[in-house]
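Student:
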Amino acid sequence: MTRSQAVNPNVCGVTAVISVIDGKWKTSLLWLLEAGPQRPAAIRRRLPGLSEKVLTQALREMESDGLVHREVHDVLPLKTVYSLTDFGHRLSDALGPVSDLGHERLDRMAAERAERAEQVGQAGQVEPVAS
Numbered sequence: 000m001t002r003s004q005a006v007n008p009n010v011c012g013v014t015a016v017i018s019v020i021d022g023k024w025k026t027s028l029l030w031l032l033e034a035g036p037q038r039p040a041a042i043r044r045r046l047p048g049l050s051e052k053v054l055t056q057a058l059r060e061m062e063s064d065g066l067v068h069r070e071v072h073d074v075l076p077l078k079t080v081y082s083l084t085d086f087g088h089r090l091s092d093a094l095g096p097v098s099d100l101g102h103e104r105l106d107r108m109a110a111e112r113a114e115r116a117e118q119v120g121q122a123g124q125v126e127p128v129a130s
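Sequence positions in the sequence shown follow numbering that gives the first Met the number 0 and run 0 to 130.
1) Tell me, to the nearest whole angstrom, how far the beta carbon of PRO39 is from that of LEU54; I am working on the premise that it is less than 8 Å.
2) Going by the beta-carbon positions, is the gap between LEU66 and GLY87 smaller than 8 Å?
3) DSSP puts VAL80 in a beta bridge; with which residues?
4) With distances taken Cα to Cα, identify the nearest neighbour of GLU33 among GLU103, ALA116, ALA110, ALA93.
5) Relative to the alpha-carbon of SER82, which residue among ARG112, MET61, LEU75, PRO76 has its alpha-carbon at the smallest distance?
6) Who does GLN37 pair with in a DSSP beta bridge?
7) Does the region 16-29 touch the region 90-108, meaning 3 or more C-beta pairs lie closer than 8 Å?
8) Under DSSP, the alpha helix (DSSP H) around SER18 begins and ends at which residues?
9) So, using beta-carbon positions, are GLU51 and ARG59 closer together than 8 Å?
10) So, with DSSP's three-state summary, where would you put PRO99?
11) Is the separation between the beta-carbon of THR84 and that of ARG69 shorter than 8 Å?
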């Protein structure tokens, strides 16, 4: 999926929305910012493995797509705070049921794995031999 699909008026609406949250970190950023405004350093602490470069790029793209508002406070050192726009909040709310479906899927997969492990364990048990 390409970012150009986010602005293409001839594309499906679902595709247009998914293209603005596509990527490894954007849904996590959306979730973190749903809790309230965040400074970049706080975001990085909450998302280990997210580099400063990738964070900056993702936030800029999300700002360009209208999901995030960037506010720079004129103090030394400069203080930057990111928050969700109204559109970002609406998207986050819309993704709530999708998240619920994802958790249901993960729970079902875990139950199936546990059931398979139990079957393998039972099949591998040796019955005691009566003497």
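Each residue gets a CB set at the ideal place from its N, CA and C atoms; glycine is no exception.
Tutor: This is what the structure holds:
1) Residue mapping note: residue 39 aligns to position 40 of the sequence shown, counting from 1. Residue mapping note: residue 54 aligns to position 55 of the sequence shown, counting from 1. PRO39 to LEU54, Cβ: 6 Å. Contact.
2) Reading the sequence shown from its first residue, position 67 is the one you call residue 66. Reading the sequence shown from its first residue, position 88 is the one you call residue 87. Yes, the pair counts as a contact, with Cβ atoms nearer than the cut-off.
3) In the sequence shown, residue 80 corresponds to position 81, counting from 1. DSSP, once it has assigned bridges, lists GLU70 as partnering VAL80.
4) The count along the sequence shown starts at 1 and reaches residue 33 at position 34. Nearest C-alpha to GLU33: ALA93.
5) Here residue 82 refers to the residue found at position 83 when the sequence shown is read from its first residue. Closest by alpha carbon: MET61.
6) As a position in the sequence shown, residue 37 is number 38, starting the count at 1. Looking at the DSSP assignment, GLN37 forms a beta bridge with TYR81.
7) yes
8) Position 19 of the sequence shown, counted from the start, is the residue given in the question as residue 18. From DSSP, the alpha helix (DSSP H) with SER18 extends over 12-20.
9) Position 52 of the sequence shown, counting from 1, holds the residue named residue 51. Position 60 of the sequence shown, counting from 1, holds the residue named residue 59. For GLU51 and ARG59, no; Cβs fall outside 8 Å.
10) Locating residue 99 in the sequence shown gives position 100, counting from the first residue. The sequence as given places Asp at residue 99; Pro does not occur at that position. DSSP places ASP99 in helix when its eight states are reduced to three.
11) Residue 84 sits at position 85 when you count from the first residue of the sequence shown. Residue 69 sits at position 70 when you count from the first residue of the sequence shown. Not in contact: THR84 and ARG69 (Cβ atoms no closer than 8 Å).
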